[in-house]
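K.L.:
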Amino acid sequence: MNQSVSGQRVVITGAGGGIGRAFAQAFAAAGARVVINDIDPDTCAASATELGVIGIAGDAASVDGVARLIGSAREELGGIDIYCANAGVEGGHGLNSTESQWANAFEVNVMAHVRAAQQLVPEWLERGSGRFIVTASAAGLLTMIGSAPYAVSKHAAVAFAEWMELTYRHRGINTQVVCPQWVETPMLDGARSVGAHIDPNIVLTPEFVAECLMQAISEEQFLVLPHPEVADYYRARAGDTQGWLGQMNLLQQKLTPPK
Ligand SMILES: NC(=O)c1ccc[n+]([C@@H]2O[C@H](COP(=O)([O-])OP(=O)(O)OC[C@H]3O[C@@H](n4cnc5c(N)ncnc54)[C@H](O)[C@@H]3O)[C@@H](O)[C@H]2O)c1
Numbered sequence: 001m002n003q004s005v006s007g008q009r010v011v012i013t014g015a016g017g018g019i020g021r022a023f024a025q026a027f028a029a030a031g032a033r034v035v036i037n038d039i040d041p042d043t044c045a046a047s048a049t050e051l052g053v054i055g056i057a058g059d060a061a062s063v064d065g066v067a068r069l070i071g072s073a074r075e076e077l078g079g080i081d082i083y084c085a086n087a088g089v090e091g092g093h094g095l096n097s098t099e100s101q102w103a104n105a106f107e108v109n110v111m112a113h114v115r116a117a118q119q120l121v122p123e124w125l126e127r128g129s130g131r132f133i134v135t136a137s138a139a140g141l142l143t144m145i146g147s148a149p150y151a152v153s154k155h156a157a158v159a160f161a162e163w164m165e166l167t168y169r170h171r172g173i174n175t176q177v178v179c180p181q182w183v184e185t186p187m188l189d190g191a192r193s194v195g196a197h198i199d200p201n202i203v204l205t206p207e208f209v210a211e212c213l214m215q216a217i218s219e220e221q222f223l224v225l226p227h228p229e230v231a232d233y234y235r236a237r238a239g240d241t242q243g244w245l246g247q248m249n250l251l252q253q254k255l256t257p258p259k
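Numbering-wise, my numbering puts 259 at position 259 of the sequence shown, and it's gapless, one number per residue.
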């Protein structure tokens, strides 16, 4: 059992399925008290029942939705110790992505995290502890061929997590950012449909990603990389950005061009 998680009160957004559901299962198995959320009330209720945790359906991105979720979770749990801003959307392709696809990507992949932090941080500062976990993506450290809104919004998600960690770490608030490449969830089908380059050999299970998160919590690691090779790509990108972009462009040329 993960001692740093046992007894903690945890909220996980976008946990009706996929990575969020696996996080919920891992936290519950580690002795945490868990609330899961999803915008889809059916998957939220089904997963809550199956995992024996509390389900609170609703939008975890809008100002009102985040306030409602955090208010209800505080009532259910008596407080929140760990918040996993996990809900994410893939929507959009290239320059043909619509205004609403760009707006939705920023709402769910970025502003949801900012709004949750606004609600949680004052209480955590007073108490001197709290843990904020963002599920971003390797696309937030590198890029994602085929989807500009996803790549750009996930970079913003990583940047926000970094800002949280450097601003509040010394005051007891730990932030972590989870940056996988491919994980076998419904979102992967969306990525396939926009012509993303998916090597089947590197597709992980959501359960493995959850194991990596649990390990990173016990080791207090900010950057959670279920695919460790992402660290090498990240270094290569920083060390030779021109060369890295050239390689990515060659990869793009082999795939369906974005519209
Ligand atoms: N699957 C991958 O390959 C992969 C890779 C890297 C990062 N991620 C990230 O992991 C996170 C989880 O995605 P997943 O792969 O489990 O996909 P998923 O589509 O299975 O799960 C995302 C969940 O979020 C919910 N959701 C969407 N908008 C919401 C909102 N406004 N409020 C509440 N819930 C909302 C969806 O209903 C869905 O159940 C996302 O942030 C995603 O970007 C996924």
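C-beta: ideal position from N, C-alpha, C; glycine also. Predicted, not measured: the structure shown is a model, and the values here were computed from it.
How about the segment 50–61 and the segment 25–41: do they share at least three Cβ pairs that are nearer than 8 Å?
P.N.:
Yes, since at least three Cβ pairs between the segment 50–61 and the segment 25–41 fall closer than 8 Å, the two stretches touch.
K.L.:
Using only CA atoms, which one of GLU207, ALA216, ASP199 and TRP182 lies nearest to LEU251?
P.N.:
It is ASP199 whose Cα lies nearest to the Cα of LEU251.
K.L.:
Evaluate THR167 with the Cβ neighbour count: other Cβ atoms within 10 Å of its Cβ, from every protein chain shown; 16 or more gives buried, anything less gives exposed.
P.N.:
THR167 should be labelled exposed.
K.L.:
In terms of DSSP beta bridges, what is LEU223 paired with?
P.N.:
Paired residue(s): VAL177.
K.L.:
Where does ASN174 land, buried or exposed, given buried means 16+ other C-beta within 10 angstroms?
P.N.:
Classification for ASN174: buried.
K.L.:
If you draw a straight line from the C-alpha of ALA24 to the C-alpha of LEU51, how long is it?
P.N.:
Taking the straight line from one Cα to the other gives about 8 Å.
K.L.:
From which residue to which residue does the alpha helix (DSSP H) around ILE70 run?
P.N.:
Note, ILE70: alpha helix (DSSP H), 63–77.
K.L.:
Closer than 6 Å from C-beta to any heavy atom of ligand 1: which residues, in chain order?
P.N.:
With the cut-off at 6 Å, the residues found are THR13, GLY14, GLY16, GLY17, GLY18, ILE19, GLY20, ASN37, ASP38, ILE39, ASP40, THR43, ASP59, ALA60, ALA61, ASN86, ALA87, GLY88, VAL89, VAL108, THR135, SER137, PRO180, TRP182, VAL183, THR185, PRO186, MET187 and LEU188.
K.L.:
From VAL89 to ALA151, what does the alpha carbon distance come to, in whole angstroms?
P.N.:
Taking the straight line joining both Cα atoms gives about 11 Å.
K.L.:
So, under 8 Å CB-CB, VAL66 and THR135 are touching, yes? Tell me the CB distance rounded to an integer number of Å.
P.N.:
VAL66 to THR135, Cβ: 16 Å. No contact.
K.L.:
Tell me, please, which residues DSSP counts as bridged to THR135.
P.N.:
VAL178, per the DSSP bridge assignment.
K.L.:
Since GLY246 is in the alpha helix (DSSP H), which residue starts that stretch and which ends it?
P.N.:
GLY246 -> alpha helix (DSSP H) spans 241–254.
K.L.:
By DSSP, does ILE82 sit in helix, in strand, or in coil?
P.N.:
Three-state result, ILE82: strand.
K.L.:
Which class does LEU204 belong to by DSSP, given the choice of helix, strand or coil?
P.N.:
DSSP places LEU204 in strand when its eight states are reduced to three.
K.L.:
Quick one: what's got a C-beta closer than 7 Å to CYS44's C-beta in the same chain, skipping five residues either side?
P.N.:
Around CYS44: GLY16, ILE36, ASN37, ASP38, GLY55 and ALA57.
K.L.:
Of the residues PHE27, ARG9, TYR234 and THR13, which one's Cα is nearest the Cα of MET214?
P.N.:
Out of PHE27, ARG9, TYR234 and THR13, PHE27 has the C-alpha closest to the C-alpha of MET214.
K.L.:
What residue from GLY172, SER137 and PRO149 has the CA that sits closest to GLY128's CA?
P.N.:
The shortest C-alpha separation from GLY128 is found at GLY172.
K.L.:
In whole angstroms, what is the alpha-carbon distance linking SER62 and ASP42?
P.N.:
Spanning the two alpha carbons is a distance of roughly 20 Å.
K.L.:
Would you mind sorting SER6 into buried or exposed? The rule is 16 or more other CB atoms within 10 Å of its CB.
P.N.:
So SER6 counts as exposed.
K.L.:
Could you round the C-beta distance between ILE145 and HIS197 to whole angstroms and report it? I think they count as a contact, below 8 Å.
P.N.:
The Cβ separation is near 5 Å, so the contact holds.
K.L.:
Going by the DSSP bridge assignment, what does ARG9 pair with across the sheet?
P.N.:
Answer is ARG33.
K.L.:
Measure the beta-carbon distance from GLN8 to ALA32 and round it to whole angstroms, keeping in mind my assumption that it falls under 8 Å.
P.N.:
Their Cβ separation, rounded to whole angstroms, is 5 Å, which keeps GLN8 and ALA32 in contact under 8 Å.
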